[in-house]
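Residue numbers (this note's numbering): 427 to 558.
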RNA sequence: UAAGCAGACCGCCUUAUCGCUGCCCCAAAUUAAUGUGGGGCGGAGGAAAGUCCGGACACCAUAGGGCAGCAUAAUGGGUAACACCCAUCAUCCCGAAUUAUCGGGAUAGGACCAGUGCAACAGAAAGGAUGUACAGGUAAUGCUGUAGUGAAAUCAGGUAAACUCUAUGCGGUGCAAUGCCAUGUAUACCGGCUGUUAAGGAUUGCCCGUCCGUUGCCGGAGGGUAGGCAGCUAAAGACUUUUGGUAACAAAAGUUUCAGAUAAAUGAUAAGGACUUCAAUCCCGAUAGCUAUCGGGAGUUGAGGUACAGAAUCCGGCUUACAGGUCUGCUUUUUUU
RNA sequence: CGGGAUGUGGCGCAGUCCGGUAGCGUAUACGUCUGGGGGGCGUAGGGUCGCAGGUUCAAAUCCUGUCAUCCCGA
């Protein structure tokens with residue numbers, strides 16, 4: 427199982443991020459929020475992923491970096507849910523909406539649930555399209 | 001042995017698996033500089049923080065002169081430099097001694113015989129003063145002392161963290177500086193030569209000054225957007241020893257290479273260890289008398305805890321945050337000789 | 001990375017430049033006018049002036065450090 431998470435899989439383009447927030451859909455599972463958008467005409471066959479922790483919730487840089495590392499780790503462990511169930515590529519943005527610092531085990535469970543919901547939602551949509 | 005104060009230093013460790021990132025090596029592939037696979041070596045701090053000072057470095061030939069503005073303020077030294085550090089003096093505070101001094105701490109510590117301002121309440125009077133009572137004194141007079149108000153009452157008064165004066169220093173902007181590459185629009189801009197000599201424009205807050213300055217020709221491509229490379233980490237480096245110096249520090253010799261990310265890398269999981277807190281258990285001593293209380297010690301078990309905090313051009317300081325531990329010096333205390 | 005502003009009763013603000021008394025509106029409590037409500041009038045309570053240190057006889061005010069919030073530029 428591929429559990430790597432290299433430079434190529436990181437979402438960096440400002441344009442894509444802007445359109446992601448403008449047109450993207452979102453799924454929530456406390457303390458996380460996932461904003462996503464299908465990637466059209468992408469040359470690389472990978473999902474682009476970014477994580478974000480608002481400065482408003484966590485003042486100290488140590489806490490923000492810690493949470494971002496944990497979120498990256500949780501995605502890395504759960505990315506098979508996306509890659510094995512969906513054939514399209516997506517731009518994904520994880521946002522930490524909680525106010526307290528969760529530990530890794532809780533965060534892992536939460537992100538697993540979140541990604542399952544995301545996959546389900548996208549499958550439904552594709553199914554509807556096929557019927558039409 | 002315990003406590004306090006001051007200074008210096010350290011600031012969790014090991015292994016395995018899965019990941020991130022920089023450099024190097026190897027392999028095959030396409031191709032001519034990349035990705036893929038494998039291996040090796042590195043990968044946050046004492047404050048990386050606050051951004052309060054000082055530099056290095058880079059660019060702007062508008063950097064010159066004056067005013068304004070800002071900063072500093074005992075003396076001497078250190079330093080690339082400083083508002084930092086060291087030494088000495090002075091003033092104040094604390095302690096010991098006791099009127100010689102000793103130890104520790106603090107100090108924005110130039111100048112109110114250049115000028116101006118300010119002083120609530122109380123008080124006769126608060127800055128070209130003189131009132132009351134008593135006493136003294138005179139030829140005479142607030143001439144002198146005491147009382148009273150107040151932080152301060154005539155004194156070269158106090159106050160400059162009041163304006164100000166004196167001395168010294170300060171060009172501006174900052175690595176998103178700056179140089180280059182690719183992309184790419186079509187005349188804003190830049191460079192050179194030429195022409196015109198005056199309206200205008202530029203600049204550090206203002207003035208002087210300085211520079212540019214409507215044409216034509218030649219050359220180059222701007223701004224914006226999203227990227228890449230360099231700058232970018234070998235340096236006022238770190239460590240050890242010796243010498244000079246009261247010290248800060250300097251010099252010499254030797255050893256050594258120690259993060260470079262960019263939606264921003266150092267993480268996750270498991271096991272073990274270290275330190276430490278609490279509870280239970282065991283042992284010893286004392287007091288009451290077979291169970292309680294107090295003190296000390298040891299290992300086991302269980303439950304915790306391991307702070308403050310994350311590099312972003314780089315250094316030197318300052319300030320602030322910080323669990324716990326180590327060492328040195330001084331003072332006091334206990335025991336033994 | 002750089003620059004700036006603010007912090008004062010529960011809430012919104014003045015006072016800070018130029019140091020001596022902390023005040024205004026609103027809210028709260030009580031009284032009063034009214035048959036009652038609303039509203040008016042009167043009285044009262046309530047403030048470590050963000051925090052710490054310094055200068056001064058005296059600090060919300062001057063100086064230094066620090067904390068928090070907000071804004072701007074690249």
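Just so it is clear, CB atoms sit at the ideal spot from N, CA and C, and this is done for glycine as well.
Inter-residue spacing [alpha-carbon to alpha-carbon] between residue i and residue j
i: residue 534; j: residue 442; result: 26 Å
i: residue 431; j: residue 498; result: 8 Å
i: residue 492; j: residue 553; result: 39 Å
i: residue 524; j: residue 444; result: 23 Å
i: residue 462; j: residue 521; result: 11 Å
i: residue 501; j: residue 435; result: 11 Å
i: residue 546; j: residue 484; result: 32 Å
i: residue 480; j: residue 457; result: 12 Å
i: residue 548; j: residue 487; result: 35 Å
i: residue 446; j: residue 438; result: 12 Å
i: residue 496; j: residue 528; result: 9 Å
i: residue 503; j: residue 555; result: 31 Å
Pick from the options that is closest to residue i, judged by C-alpha positions
i: residue 455; options: 463, 544, 448, 429; result: 544
i: residue 489; options: 526, 451, 459; result: 526
i: residue 559; options: 485, 507, 450, 437; result: Nothing about residue 559 can be reported from this structure: the residues present for the chain run from 427 to 558 only.
i: residue 540; options: 482, 453, 449, 440; result: 453
i: residue 472; options: 532, 481, 433, 459; result: 433
i: residue 450; options: 464, 438, 437; result: 464
i: residue 429; options: 528, 510, 482, 459; result: 510
i: residue 460; options: 555, 542, 550; result: 542
Which residues DSSP lists as bridging residue i, in chain order
i: residue 459; result: 454, 521
i: residue 501; result: Residue 501 pairs with nothing; no bridge assigned.
i: residue 474; result: 517
Does the segment 476–487 touch the segment 504–520, meaning 3 or more C-beta pairs lie closer than 8 Å? yes
What beta strand (DSSP E) runs, 3 residues minimum, are completely inside the segment 526–554? none
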